[in-house]
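In UniProt numbering, the protein residues as written are 1 to 165.
Read through the structure below, which is laid out as structure tokens, and then see the notes.
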Amino acid sequence: MSEEKQNNHQLPTSAIANQSSRTPEYWFEYPVRVQPHHTDYLGVVWHGTYIAWMEEARVECLRSIGIDYADLVALGCDLPVVELSLRYHRSIQLGMVAIVKTRMAEVTGVRINWDYVIESLDRQELYVTGTVTLVALDRERGKVMRHLPANVKDALAKISTSLNK
Numbered sequence: 001m002s003e004e005k006q007n008n009h010q011l012p013t014s015a016i017a018n019q020s021s022r023t024p025e026y027w028f029e030y031p032v033r034v035q036p037h038h039t040d041y042l043g044v045v046w047h048g049t050y051i052a053w054m055e056e057a058r059v060e061c062l063r064s065i066g067i068d069y070a071d072l073v074a075l076g077c078d079l080p081v082v083e084l085s086l087r088y089h090r091s092i093q094l095g096m097v098a099i100v101k102t103r104m105a106e107v108t109g110v111r112i113n114w115d116y117v118i119e120s121l122d123r124q125e126l127y128v129t130g131t132v133t134l135v136a137l138d139r140e141r142g143k144v145m146r147h148l149p150a151n152v153k154d155a156l157a158k159i160s161t162s163l164n165k
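Here it is as structure tokens:
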């Protein structure tokens, strides 16, 4: 089996579909070190820790291009997770360092999709792949918005432009 086909089998379906449409491919990288509170009693990273790392990476990705998540919320738009898909490939042990890679994959209406890859520092081991879908929620009304507000669209356009340079 070719290396490309092998790699595609390791990524979630949406990540595979988005690979061909991204040139050049840019991923924000967020390093993590496994601490005792990240693990179960055997010293293996607890499955929920990966989700926390993914959110940290997404928030730091935004911050790296000058968008503070708190500022988006202050615009009256919250971005809760409505869909999450993870594929666990290999466990990570206490004390290990990993890289959480993320990118904004697509914005469709009020849905914002992010892709994730968690891998070893040397890029030789794949630990987790995943996707997260956020939706725009009107904080005041507590309802999903029909359209993204112009100021949120502008912020997301900035993310897309910055990440794909």
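We put the CB at the ideal spot given by N, CA and C, even for glycine.
For threonine 133, which residues of its own chain have a beta-carbon under 6 Å away from its beta-carbon, when the five flanking residues on both sides are left out?
Val82, Glu83, Arg111 and Asn113
Whose C-alpha, out of Gly142, Val32 and Leu42, is nearest the C-alpha of glutamate 55?
Val32
Evaluate valine 73 with the Cβ neighbour count: other Cβ atoms within 10 Å of its Cβ, from every protein chain shown; 16 or more gives buried, anything less gives exposed.
exposed
For proline 149, three-class secondary structure by DSSP
coil
Same chain, Cβ closer than 6 Å to tyrosine 50, neighbours up to 5 away in sequence not counted:
Val128
Does DSSP classify isoleucine 51 as helix, strand or coil?
helix
Is it buried or exposed, glycine 130, if we count other Cβ atoms within 10 angstroms and call 16 or more buried?
buried
In its own chain, which residues sit with a C-beta less than 8 Å from the C-beta of proline 149, not counting the 5 before and 5 after it?
Leu75, Gly76, Cys77 and Ala136
Looking at the strands, I want to know which residues DSSP matches up with isoleucine 99.
Pro31 and Glu119
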